[in-house]
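Colleague: What follows is a structure written as structure tokens; I'll ask about it next.
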DNA sequence: CAGGTATTTAGACAAATATCTAAATACCTA
DNA sequence: TAGGTATTTAGATATTTGTCTAAATACCTG
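Residue numbers (our numbering), protein chains in the order written: chain A, 18 to 109; chain B, 18 to 109.
Printed below as a string of structure tokens:
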């Protein structure tokens, strides 16, 4: 849980997640979307991987990152406990 | 969004939220649950308030903090966009 | 008003974080 | 095997963050 919130607590990393929501991308493609040195992006990707929010797969000289969708449920479940005993919350 | 994730990115603050889930508590009552100086707790409460996750209300010499449940929905909605196009997600 | 309790503000400091540049590693291809 | 591309690792640095103690503020009550 700690690693999860830590990973989510950065605008760049959240933007990376939003990019990967569309499709898997290589580290280079991801870096191209930001005005930030590649090693910095690499570090962000590392934190996202540590939190298991993304997976990486080596393909030749490229490393492709993709979203690990199931992990988000963990955060969502934690957050759900705080919602009021109000209406509209059948399943999740 | 930034303030939200920032506020959530700390175990003490998350524990405070879990405490307040039960019932509103004064700053002192909250502090009593942690082995940490009161000013530190006060600072955590400040960050939670900045993120609008809690509200505070002064009652005499006490300040009572309570959960601001609606704000959690904002985070939940943001997270929901990352879940797979899988089953089981009627409402939220 | 004086003293006590509840809480915050201020200021200091160590640890964690985000970023950079330079160098290392790994792979591909001529 | 040499050179090029993709990515990470290492090391440095400035900023942010969590914590503390001391002091300020606000309220209550004898």
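Don't be surprised by glycine CBs; every beta carbon is placed ideally from N, CA and C. Values in this document were obtained by computation on a predicted structure and should not be read as measured data.
Are there three or more Cβ pairs, one per stretch, closer than 8 Å when the stretch 72-85 of chain A is compared with the stretch 38-55 of chain A?
Modeller: yes
Colleague: Suppose the cutoff is 7 Å on Cβ atoms and the five residues either side in sequence are ignored; what does the same chain contact list for residue 18 of chain B look like?
Modeller: 95
Colleague: Thinking C-alpha only, which one of A/76, A/32 and A/51 is nearest residue 65 of chain A?
Modeller: A/32
Colleague: Going by beta-carbon coordinates alone, are residue 99 of chain B and residue 84 of chain A separated by less than 8 Å?
Modeller: yes
Colleague: Could one say the Cβ of residue 25 of chain B lies closer than 8 Å to chain A's Cβ atoms, at least one of them?
Modeller: yes
Colleague: Between residue 96 of chain A and chain B, is any beta-carbon pair separated by less than 8 Å?
Modeller: yes
Colleague: How big is the Cα-Cα spacing for residue 48 of chain B and residue 24 of chain A?
Modeller: 27 Å
Colleague: Can you tell me where the beta strand (DSSP E) with residue 84 of chain A in it begins and where it stops?
Modeller: For residue 84 of chain A, the enclosing beta strand (DSSP E) covers residues 79-84.
Colleague: Using CA atoms only, rank isn't needed, just tell me which of B/97, B/101 and B/73 is closest to residue 37 of chain B.
Modeller: B/73
Colleague: Measure how close the beta-carbons of residue 21 of chain A and residue 92 of chain A come, nearest whole angstrom, since I'm counting them as under 8 Å.
Modeller: 6 Å
Colleague: Tell me whether residue 68 of chain A is buried or exposed, calling it buried when 16 or more other Cβ atoms sit within 10 Å of its Cβ.
Modeller: Residue 68 of chain A comes out buried.
Colleague: Using a Cβ-Cβ cut-off of less than 8 Å, list which residues of the stretch 38-49 of chain B approach chain A; keep chain order.
Modeller: Flagged, chain order: 38.
Colleague: At a Cβ threshold of 8 Å, is residue 100 of chain B touching chain A?
Modeller: yes
Colleague: Ignore the nearest five residues each way along the sequence and tell me which others in residue 114 of chain B's own chain have a CB closer than 8 Å to its CB.
Modeller: The question about residue 114 of chain B has no answer here: the residues shown for chain B are numbered 18 through 109.
Colleague: Between the stretch 47-73 of chain B and chain A, which residues of the former have CB atoms less than 7 Å from a CB of the latter, in chain order?
Modeller: Per Cβ criterion, the list is empty.
Colleague: Please tell me whether residue 36 of chain A has its Cβ less than 8 Å away from any Cβ of chain B.
Modeller: So no, residue 36 of chain A is outside the interface.
Colleague: Which one of A/51, A/87 and A/76 has the shortest CA to CA distance from residue 97 of chain B?
Modeller: A/87
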